[in-house]
């Protein structure tokens, strides 16, 4: 089984005092089965740019972390393709989902991945396989 990681999972896993369930799940997973979306890279970059205004030193730490992630996942970063965009369009009818959550769900669905996120409630109706590692024994 392969997984698409949401930003909230990656962020939690890197925190020194991060959620033990999330850390255990990540550590117990095979790295080659974990994927990122370009959207997650974008969300992390956005956070770094916001942080740069308040704390440039900490922003540099996160920038280095993002660079390591991009190297670690270099062959497993998925683009938003035309197929993903079409699936996103389907998922938003009749009721729209939050845009990034819906695009992540569409990416997971197109690639046959399980979406690993804390936001399971928001995308549950998408039909994509979901896993919430914030719950004990996910």
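Numbering (my numbering), first residue to last: 1338 to 1475. Yeah, the Cβ is synthetic: ideal placement off N, Cα and C, and Gly gets one too. Predicted model only: the values in this text are computed from it and were never measured.
Practice task
Report the residue from 1410, 1414, 1407 and 1441 whose alpha carbon sits nearest the alpha carbon of residue 1423.
Solution key: The shortest C-alpha separation from residue 1423 is found at 1441.
Exercise for the section: Using 10 angstroms around the beta-carbon of residue 1477, count the other beta-carbons present and answer buried if the total reaches 16, otherwise exposed. Expected result: Residue 1477 lies beyond the stretch modelled for the chain, which goes from 1338 to 1475, so this question has no answer here.
Problem - Own chain residues within Cβ distance below 8 Å of residue 1380, not counting five before or after - result: Close CB contacts of residue 1380 within its chain, under the 8 Å cut and outside five residues either way in sequence, are with 1344 and 1437 (chain order).
Practice task
Name the residue from 1397, 1463 and 1453 whose alpha carbon lies nearest to the alpha carbon of residue 1427.
Solution key: Measuring from the Cα of residue 1427, the nearest candidate turns out to be 1463.
Exercise for the section: Let me know the secondary structure DSSP gives residue 1417 once reduced to three states. Expected result: Coil, per DSSP.
Practice task
May I ask which residues mark the beginning and end of the alpha helix (DSSP H) holding residue 1399?
Solution key: 1393-1409 is the span of the alpha helix (DSSP H), which, as asked, contains residue 1399.
Handout entry: For residue 1354 and residue 1468, the rounded distance between their alpha carbons
Key = Distance between the alpha carbons of residue 1468 and residue 1354: 21 Å.
Problem - residue 1460 versus residue 1439: straight-line alpha-carbon distance, rounded - result: Cα-Cα distance, rounded: 7 Å.
Problem - Residue environment, residue 1500, which counts as buried when at least 16 other CB atoms sit within 10 Å - result: With the chain represented from 1338 up to 1475, any question about residue 1500 goes unanswered, as that position is not in the structure.
Handout entry: residue 1445 versus residue 1395 - alpha carbon distance
Key = If I take the Cα positions, the gap works out to 31 Å.
Practice task
State the beta-bridge partners of residue 1453 as determined by DSSP.
Solution key: Its beta-bridge partners are 1342 and 1468.
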